[in-house]
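**Student:**
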Amino acid sequence: MSSLYSRSKDLSSRSRKSLSDSPPSSPSYSTKTFRQDRASRSDSSGVESPSDRLSARTSTYTRRENRLASLSKTEDDSASKDYKKLYEDALTENEKLKSRLEDGKQELTKIRSQLDRVTQRQDRISERSTVFESEKRVYVIII
Numbered sequence: 201m202s203s204l205y206s207r208s209k210d211l212s213s214r215s216r217k218s219l220s221d222s223p224p225s226s227p228s229y230s231t232k233t234f235r236q237d238r239a240s241r242s243d244s245s246g247v248e249s250p251s252d253r254l255s256a257r258t259s260t261y262t263r264r265e266n267r268l269a270s271l272s273k274t275e276d277d278s279a280s281k282d283y284k285k286l287y288e289d290a291l292t293e294n295e296k297l298k299s300r301l302e303d304g305k306q307e308l309t310k311i312r313s314q315l316d317r318v319t320q321r322q323d324r325i326s327e328r329s330t331v332f333e334s335e336k337r338v339y340v341i342i343i
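For what it's worth, this note's numbering labels the leading residue of the sequence shown as 201, then goes sequentially.
1) Quick one: Cα of Ile-325 to Cα of Arg-312, how far?
2) In angstroms, rounded to a whole number, what distance separates the CA positions of Thr-319 and Lys-281?
3) Rounded to whole angstroms, what is the Cα-Cα separation between Thr-260 and Ser-272?
4) Expressed to the nearest angstrom, what Euclidean distance is found between the alpha-carbon atoms of Ala-290 and Thr-258?
5) Using the Cβ count rule (16 or more neighbours within 10 Å means buried), how would you classify Glu-288?
Rendered as structure tokens:
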């Protein structure tokens, strides 16, 4: 009991260092590069001209439109090819499944016929045993 008390006492006596005790940190690398990028984008006065903004918007808009147009063309071409390929794949898979189903049906028929033969054999054996028992009784009665 005393060992538990002394250990908990040790833990409670420890203190944490608060954030105010630590020295002030310097700006991170990402903050510095962000500021440098912002400064390099603007001209020496720090203000962009309206014509620069307009040309930037226009070029951005044009690039976006071109990108979307090329994507839609690619999608149209690939979509028709994909549907044809998907259809062919589905037909192939369908044929494989049909053949597996047919194999399963044949195996089921084979197993049923084996089961019928075994059942008939068991019936014959049970009939023979009953006939044998009755003959045995008759023989015992005669003797």
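Glycine included, every Cβ here is placed at the ideal spot set by N, Cα and C.
**Tutor:** Looking at the atomic coordinates:
1) For the purposes of this step, residue 325 is taken as residue 125 along the sequence shown, with counting starting at 1. For the purposes of this step, residue 312 is taken as residue 112 along the sequence shown, with counting starting at 1. Cα to Cα, Ile-325 sits roughly 20 Å from Arg-312.
2) For the purposes of this step, residue 319 is taken as residue 119 along the sequence shown, with counting starting at 1. For the purposes of this step, residue 281 is taken as residue 81 along the sequence shown, with counting starting at 1. The straight-line gap from Cα to Cα measures roughly 57 Å.
3) In the sequence shown, counting from the first residue as 1, residue 260 sits at position 60. In the sequence shown, counting from the first residue as 1, residue 272 sits at position 72. About 18 Å.
4) Translated into positions along the sequence shown, residue 290 becomes position 90. Translated into positions along the sequence shown, residue 258 becomes position 58. Those two C-alpha atoms are separated by around 46 Å.
5) Within the sequence shown, the letter at position 88 stands for residue 288. Classification of Glu-288: exposed, given that the 10 Å Cβ count is below 16.
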